[in-house]
Amino acid sequence: MIFEVLTIFPEFIECYLKHGIVGRALNRGIAQVKVYNLRDFTTDKHKKVDDYPYGGGAGMVMQIEPFSNAIKHIKSDGKKRKIILLSPQGKRFNQELALEFTREEAVLTFICGRYEGIDERIKSFIDEEISIGDYVLSGGELPALVIIDSIVRLLPGALGDELSSEEDSFMKGFLDYPHYTRPEEFEGMRVPEILLSGDHKKIALWRRREALRNTFQKRPDLLKNLSQEDMKILKELCSEINKKILEDAHEPVNN
Ligand code: SAH
Numbered sequence: 005m006i007f008e009v010l011t012i013f014p015e016f017i018e019c020y021l022k023h024g025i026v027g028r029a030l031n032r033g034i035a036q037v038k039v040y041n042l043r044d045f046t047t048d049k050h051k052k053v054d055d056y057p058y059g060g061g062a063g064m065v066m067q068i069e070p071f072s073n074a075i076k077h078i079k080s081d082g083k084k085r086k087i088i089l090l091s092p093q094g095k096r097f098n099q100e101l102a103l104e105f106t107r108e109e110a111v112l113t114f115i116c117g118r119y120e121g122i123d124e125r126i127k128s129f130i131d132e133e134i135s136i137g138d139y140v141l142s143g144g145e146l147p148a149l150v151i152i153d154s155i156v157r158l159l160p161g162a163l164g165d166e167l168s169s170e171e172d173s174f175m176k177g178f179l180d181y182p183h184y185t186r187p188e189e190f191e192g193m194r195v196p197e198i199l200l201s202g203d204h205k206k207i208a209l210w211r212r213r214e215a216l217r218n219t220f221q222k223r224p225d226l227l228k229n230l231s232q233e234d235m236k237i238l239k240e241l242c243s244e245i246n247k248k249i250l251e252d253a254h255e256p257v258n259n
């Protein structure tokens with residue numbers, strides 16, 4: 005997969021992409037990220053990319069010319085691409101969209117804004133507007149990295165042969181199960197015995213149950229289209245949780 009990022013802070017993007025899973029995936033050629041410095045597409049000697057807003061008001065607005073020059077240059081190779089504007093006003097990004105993008109054949113080009121945003125006429129150059137959540141950041145660089153990272157870890161081979169993203173939260177419509185590593189006991193807290201049993205079938209069942217419990221307790225809105233087997237586990241969990249609530253309610257209060 006090929007990604008492109010157009011930004012005034014190329015070093016932010018390059019620095020993040022050197023490390024961890026994404027860094028390794030890029031080194032292995034599983035994906036490619038090309039970063040463009042918006043200032044290289046300015047025509048004045050100060051490499052200015054912003055100006056005062058028409059109509060007055062606080063803050064600066066990014067000018068359309070450098071973006072237009074850059075996008076025309078990027079597009080000149082004739083490759084099929086999707087130009088994505090990062091903006092808090094865009095369609096909300098999620099795991100489903102990340103998965104959809106892994107099937108995308110076009111190059112994904114991310115346009116990062118700064119200041120109050122980009123001159124509205126940028127809309128005539130873009131194919132999609134995407135937001136990473138209902139909050140406002142200072143620039144589109146983190147959103148671009150969030151999106152690239154979440155897509156790259158889904159690409160075959162990105163997590164290495166030993167790992168898989170299939171059990172990750174949201175991948176099967178519910179959250180991940182709890183993870184433990186050594187030591188077996190820490191400050192009186194023990195690793196659940198079943199994980200030490202070596203019984204893979206029981207461990208798989210426990211994990212499924214705990215993933216359902218996590219989802220039921222933290223994100224019940226995700227529980228949809230459950231299989232009959234999962235419905236059965238969920239019913240058992242509900243009666244277990246209800247029983248505990250009733251027992252706790254019965255305990256005398258010490259004061
Ligand atoms: N005034 C604008 C926000 C500008 S923030 C508004 O209220 O809509 C500056 C830049 O940061 C934006 O141009 C965009 O590229 C990026 N940005 C900020 N929050 C974002 C979010 N939640 N998702 C994606 N991009 C975001």
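Residue numbers (my numbering): 5 to 259. Think of the CB as a built atom: it goes at the ideal place given N, C-alpha and C, for glycine as much as any other residue.
Item, Value
"Through-space distance from Y181 to R212, alpha-carbon basis", "7 Å"
"Chain B within 8 Å of R211, Cβ atoms only", "The chain labelled as chain B is not found in the depicted structure, where only one protein chain is given."
"Test item: CB-CB of F97 and S128 under 8 Å", "no"
"Three-state secondary structure (DSSP) of Q99", "helix"
"CB-CB length for R223 against L179, believed under 8 Å", "6 Å"
"Identity of the residue in S91, I25 and I249 nearest D138 by Cα", "S91"
"Nearest to R107 (by Cα), restricted to the options G121, L159, L10 and W210", "L159"
"Boundaries (first-last residue) of the beta strand (DSSP E) holding Q36", "Q36 to N41"
"Other residues of its chain near I130: CB distance less than 8 Å, five sequence neighbours each side excluded", "I87, I88, L89 and I115"
"Beta strand (DSSP E) segments (min. 3 residues) lying fully within the segment 38-116", "85-96 and 111-115"
"S154, DSSP secondary structure in three states", "helix"
"Contact belief for F16 with E145 at Cβ below 8 Å, rounded distance in angstroms", "5 Å"
"Per-residue burial, S154 [other beta carbons within 10 Å of its own, 16 or more giving buried]", "buried"
"Cutoff 8 Å; reference E132; Cβ partners in own chain excluding five residues on either side", "K86, I87, I88, L89, G94 and K95"
"N-terminal and C-terminal residue of the alpha helix (DSSP H) that S243 is part of", "Q232 to H254"
"Cβ contact check for the segment 68-76 and the segment 36-51: 3 or more pairs under 8 Å", "yes"
"Residue(s) in a DSSP beta bridge with S135", "R96"
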